[in-house]
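**Q** Input: one structure, supplied below.
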Amino acid sequence: MQTLTLPAPAKLNLFLHINGRREDGYHNLQTVFQLLNYGDTLHFKPRSDDQILLLSDFDIPMEQNLIWRAAKSLSALTPRKNGITIQLEKRLPLGGGVGGGSSDAATTLVALNKLWGLNLPINQLAAIGKQLGADVPVFIYGHSAWGEGIGELLTPVKLPPSWYLVLVPECQVTTAEIFSHPELTRDTPRITIHDFLAGAGRNDFEPLVRKRYPVINEALNWLTQFNTAHLTGSGSSVFAAFPTFNQAMQVAKQVPSCYKYFIAEGVNRSPLFAAPNGLEQTTGIS
């Protein structure tokens, strides 16, 4: 049986405002998701039985792994029993705020929708993905986007070309802890896409994360020597934008050895749908 190999690209939050806490305990927010041409890779090989097997170097309990949960959610919808072996090549940092787990889940939903012949429309896949995580839909729709609600209300945006140097400090931020922290700003006024394009926007997590995680504060300070640095999501990764790859590489050559890093180009269309695998997207926000 032929193996289908697909990318699971990273994202950056170019800004992130928290506009208020909802009655269901979640938060309303505004953000811009910038997709990158860098990420994980997943290999999908159909099986002759109905097992779902995940191969990875990371020891994460199956019930907590978004790839496995995504596969199980589609398996429940198949008219017949289908099995799959999924091998994960992990490049994106765990807990780094670059959407690795959500992107892996999205790629799994898109791949199995094709391999198992479900032919679910993209909007239905996004609804399934939303149950796994608020960031999953943006990867399923496959566009850099303006996000509202809990991040699932998406409007495609065309962002200018940029290269991003992303530093990965040796720590993980617990998102639930930061979201529930009493010092977190939760009343930032809403802005418009025009406001953002004119330069408005910040990351409301950043002051609190700087205070609680000194290593992230140091990374932001170091990177800001070269261009304005930002936190992505709730962290731990931080990034700065540069006009060209060469400019990003010149800074990367100076990165202290205590940080991992990667350089990636911002893309408006996800590599998941640009890959030479026959996948097409004809519905949704595209």
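In my numbering, each residue's number is its place in the sequence shown (first place is 1) plus 319.
Ideal Cβ placement from N, Cα and C applies to all residues, glycine included.
This structure is a prediction, so every number in the text was calculated from the model and none was measured.
Along the chain, where does the beta strand (DSSP E) containing glutamate 408 start, and where does it finish?
**A** Glutamate 408 -> beta strand (DSSP E) spans 402-408.
**Q** Under the DSSP definition of a beta bridge, which residues are partnered with arginine 529?
**A** None; arginine 529 has no bridge partner.
**Q** With C-beta atoms as the reference, is alanine 571 less than 8 angstroms away from isoleucine 582?
**A** Yes, the Cβ-Cβ distance between alanine 571 and isoleucine 582 is below 8 angstroms.
**Q** Under 7 angstroms Cβ to Cβ from histidine 500, same chain only, skipping five residues before and after it: list those, please.
**A** Around histidine 500: Leu527.
**Q** Since I believe serine 481 is in contact with alanine 560 (beta carbons under 8 angstroms), could you give me their beta-carbon distance rounded to a whole number of angstroms?
**A** Going by Cβ atoms, the distance from alanine 560 to serine 481 rounds to 4 angstroms, so yes, they are a contact pair.
**Q** Given a cut-off of 8 angstroms, decide if leucine 355 and lysine 330 are closer than it, judged by their beta-carbon atoms.
**A** In this structure, leucine 355 lies closer than 8 angstroms to lysine 330 by Cβ.
**Q** In chain order, what residues of the same chain lie with their CB nearer than 8 angstroms to the CB of phenylalanine 558, ignoring the 5 residues before and after it?
**A** For phenylalanine 558, where only same-chain residues beyond five positions count, the Cβ hits under 8 angstroms are Leu331, Tyr483, Leu484, Val485, Leu486, Leu542, Ala548, His549, Thr551.
**Q** Glycine 344 and aspartate 369: beta carbons closer than 8 angstroms?
**A** No, these two residues do not count as a Cβ contact at 8 angstroms.
**Q** Use the C-beta contact count for aspartate 506: other C-beta atoms within 10 angstroms, 16 or more gives buried, fewer gives exposed.
**A** Answer is exposed; the Cβ neighbour count stays below 16.
**Q** Beta strand (DSSP E) containing aspartate 359: first to last residue?
**A** Where aspartate 359 is concerned, the enclosing beta strand (DSSP E) stretches over 346-366.
**Q** Just list the residues that DSSP pairs arginine 340 with in beta bridges.
**A** In the DSSP output, where bridge partners are listed per residue, arginine 340 has His346.
**Q** Using a Cβ-Cβ cutoff of less than 6 angstroms, which residues in the same chain neighbour asparagine 384 once the five nearest sequence positions on both sides are dropped?
**A** Same-chain partners within the cutoff: there are none.
**Q** Which class does asparagine 442 belong to by DSSP, given the choice of helix, strand or coil?
**A** Here asparagine 442 sits in helix by DSSP.
**Q** May I ask which residues mark the beginning and end of the beta strand (DSSP E) holding alanine 583?
**A** Run containing alanine 583: 579-586, per the beta strand (DSSP E) assignment.
**Q** Using DSSP with H/G/I as helix, E/B as strand and the rest coil, what is proline 590?
**A** Reduced to three states, the DSSP call for proline 590 is helix.
**Q** Quick one: grab the DSSP three-state call for valine 455.
**A** In this structure, valine 455 counts as helix in the three-state DSSP scheme.
**Q** In terms of alpha-carbon separation, which member of Leu591, Pro562, Pro488, Ile386 lies closest to glycine 416?
**A** Nearest C-alpha to glycine 416: Pro488.
**Q** Give me whichever residues DSSP pairs with valine 570 in a beta bridge.
**A** According to DSSP, which records beta bridges pairwise, valine 570 is partnered with nothing at all.
**Q** Check this for me: beta carbons of leucine 439 and isoleucine 405, under 8 angstroms apart or not?
**A** Result no, Cβ atoms of leucine 439 and isoleucine 405 do not sit closer than 8 angstroms.
**Q** Thinking C-beta only, is leucine 393 closer than 8 angstroms to leucine 428?
**A** Result yes, Cβ atoms of leucine 428 and leucine 393 sit closer than 8 angstroms.
**Q** Count the other C-beta atoms from every protein chain shown that fall within 10 angstroms of the C-beta of leucine 444, then say buried if there are 16 or more, exposed otherwise.
**A** With 16 or more Cβ atoms within 10 Å of its Cβ, leucine 444 is classed as buried.
**Q** When the distance is taken between beta carbons, is cysteine 490 closer than 8 angstroms to tyrosine 532?
**A** Result yes, Cβ atoms of tyrosine 532 and cysteine 490 sit closer than 8 angstroms.
**Q** Going by other Cβ atoms of all chains shown within 10 Å of its Cβ, with 16 needed for buried, is glutamine 573 buried or exposed?
**A** Exposed is the call here.
**Q** Just to confirm, is the Cβ distance from aspartate 523 to leucine 396 under 8 angstroms?
**A** It is not a contact, given that the beta carbons lie outside the stated cut-off.
**Q** Here's the rule: buried if 16 or more other CB atoms are within 10 angstroms of the residue's CB, otherwise exposed. What is serine 605?
**A** Because serine 605 carries a pLDDT of 37, less than 50, the predicted location of this residue cannot be relied on, and no value is offered for it.
**Q** Among the residues of its own chain, which have a CB less than 6 angstroms from the CB of phenylalanine 564, if the five just before and after it don't count?
**A** Correct list, in chain order: Trp482.
**Q** How is lysine 449 classed by DSSP in three states: helix, strand or coil?
**A** If DSSP states are grouped into helix, strand and coil, lysine 449 belongs with the helices.
**Q** Does alanine 464 come out as helix, strand or coil in the three-state DSSP assignment?
**A** Three-state result, alanine 464: strand.
**Q** Which class does leucine 385 belong to by DSSP, given the choice of helix, strand or coil?
**A** DSSP places leucine 385 in helix when its eight states are reduced to three.
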